[in-house]
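Structure first, commentary second.
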Amino acid sequence: MKQKILVAGGTGYIGSHTTVELQNAGYEVVIIDDLSNSTIEVLDGIEKITGVRPGFIQLDLKDKEGARKALQANPGIKGIILFAASKAVGESVQQPLKYYRNNIVTLINLLELMPEFGIEGIVFSSSCTVYGQPDPENLPVTEDAPIKPATSPYGNTKQINEEIIRDTIHAGAPFKSIILRYFNPIGAHPSAEIGELPNGVPQNLIPYLTQTAIGIRKELSVFGDDYDTPDGSCIRDYINVVDLAKAHVIAMDRMLEDKSEKPVEIFNLGTGNGVSVLELIRTFEEATGVKVPHKIVGRREGDIEQVWANPERANKVLGWKAKETLADTLRSAWNWQKRLREKGIQ
Ligand code: UD1
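Heads up: the sequence shown begins at 34 in this note's numbering, then just goes up one per residue.
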């Protein structure tokens, strides 16, 4: 058994897939999650896949005393992966203080507690949102591309979080960090035991698309076909969630085995391929044989026209590469949607 890891937000979408990969790699996982955007049944899915039920504490990490008690009750945690955060761009515009409080206080609490408990490293979930709309010469985007002013409070929290980590470590905090900037994580575990479970009407493309394909939603709205892209719809880099999860295991190994080249390292996690919304719908239809009723509507406020990753640094330095094809990834999302129907959840 490798060391013990705290996965903050471990019952969420990316957190649950990462917990599976950590356990498969021999780590012992303790999850802290307040279940504000996930359910306790996720633990059953993780256990079915790995044969191991992770430790679980239901706690809002804004509660620093509660977090301290949780760490006291689980001695020996060596690393933290921080997923716990609010992540709906639109909601963040409506409720900025919720986002600033949730996403910033949680990080500060954990950073303050790490030295008390001898925790050596923290992997932080960041986002390509920090690049805003990169200038054309910066596409595909590398980690050295300029950070653009955030277009939403959510995006701003990711930028501020990155700065908080850098400043804290620069000031001599006794731990390391790896910041992972995700592009657009999609898909589900191939077992269909875990996947994305949005609350209410999905804001993100894939859950809306699979809910439309299965008949929960009437039709998918494509937000704009008048962008300066080959087919006019927005371009993103859709990365398989299991591939993404595996990068966290590599990042954790790297910090705990003292292989980091710098106390704070930053990596883009994407495939390197830009795919438009319309291409993605077509690929889904071809991969599953299921039609997705859709219509073109106006642009969504705040949307980025096109962004995709240059993942070379992660490829070379971490030895990590996205492996799954888009078609397989979309099939996994579809299988998960069908599983939800079997369970009567959606
Ligand atoms: C956004 C954030 C990202 C965040 C993610 C999580 C930005 C620039 N990006 O990603 O940082 O991590 O949300 O919530 O802030 N689309 C449709 N119809 C739909 C839904 C989406 O056409 O019903 C299109 C969008 O216009 C976009 C693409 O699908 O081009 C992907 O959208 P979405 O899944 O919401 O992710 P992002 O906006 O890229």
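Yeah, the Cβ is synthetic: ideal placement off N, Cα and C, and Gly gets one too.
All values derive from a computational prediction rather than experimental measurement.
DSSP three-state assignment for Y271, whether helix, strand or coil: Here residue 271 refers to the residue found at position 238 when the sequence shown is read from its first residue. Y271 falls in the strand class under three-state DSSP.
Length of the line joining the Cα atoms of L92 and L68: Counting from one through the sequence shown, the residue named residue 92 turns up at place 59. Counting from one through the sequence shown, the residue named residue 68 turns up at place 35. The C-alpha of L92 lies about 8 Å from the C-alpha of L68.
Nearest candidate by alpha-carbon position, reference G154, set E318, K97, T201 and N136: As a working mapping, residue 154 is identified with position 121 in the sequence shown. Ranked by Cα distance from G154, the first of E318, K97, T201 and N136 is T201.
L289 versus D261, R134 and G112, residue with shortest Cα-Cα distance: Here the question's residue 289 lines up with position 256 in the sequence shown. The option with the nearest alpha carbon to L289 is G112.
N-terminal and C-terminal residue of the alpha helix (DSSP H) that E195 is part of: Stepping through the sequence shown from its first residue, residue 195 is reached at position 162. From DSSP, the alpha helix (DSSP H) with E195 extends over P186 to H203.
Any chain D beta carbon closer than 8 Å to V274: As a matter of chain content, chain D is missing from the structure shown, which is built from one protein chain.
Beta carbon of V53 nearer than 8 Å to that of I79: Your numbering for residue 53 matches position 20 in the sequence shown. Your numbering for residue 79 matches position 46 in the sequence shown. Taking 8 Å as the cut-off, the beta carbon of V53 is found closer than this to the beta carbon of I79.
Among P326, D336, G99 and N237, the one whose alpha carbon lies nearest that of Y260: What you label residue 260 is simply residue 227 of the sequence shown in a count that begins at 1. For the residues P326, D336, G99 and N237, the minimum Cα distance to Y260 belongs to D336.
Sub-8 Å separation of N232 and N70 beta-carbons: In the sequence shown, residue 232 corresponds to position 199, counting from 1. In the sequence shown, residue 70 corresponds to position 37, counting from 1. It is a contact, given that the beta carbons lie within the stated cut-off.
Element boundaries [alpha helix (DSSP H), containing P235]: Counted from its first residue, the sequence shown places residue 235 at position 202. Taken as a continuous stretch (DSSP letters only), P235 belongs to no alpha helix (DSSP H), as it is neither H nor E.
D93 CB to nearest heavy atom of the ligand UD1 below 7 Å: Here residue 93 refers to the residue found at position 60 when the sequence shown is read from its first residue. Incorrect: D93 has no Cβ contact closer than 7 Å to the ligand UD1.
Under the three-state DSSP convention, the category A355 falls into: Start at 1 with the first residue of the sequence shown, and residue 355 comes out as number 322. A355: coil per DSSP, three-state reduction.
Option in K120, N135, Q127 and V297 with minimal Cα separation from E196: Numbered from its first residue, the sequence shown carries residue 196 at position 163. Of K120, N135, Q127 and V297, the residue nearest in Cα terms is V297.
Any non-hydrogen atom of the ligand UD1 closer than 7 Å to F256 Cβ: Taking the first residue of the sequence shown as 1, we reach residue 256 at position 223. At a threshold of 7 Å, F256 counts as near the ligand UD1, since its beta carbon sits closer than that to one of the ligand's heavy atoms.
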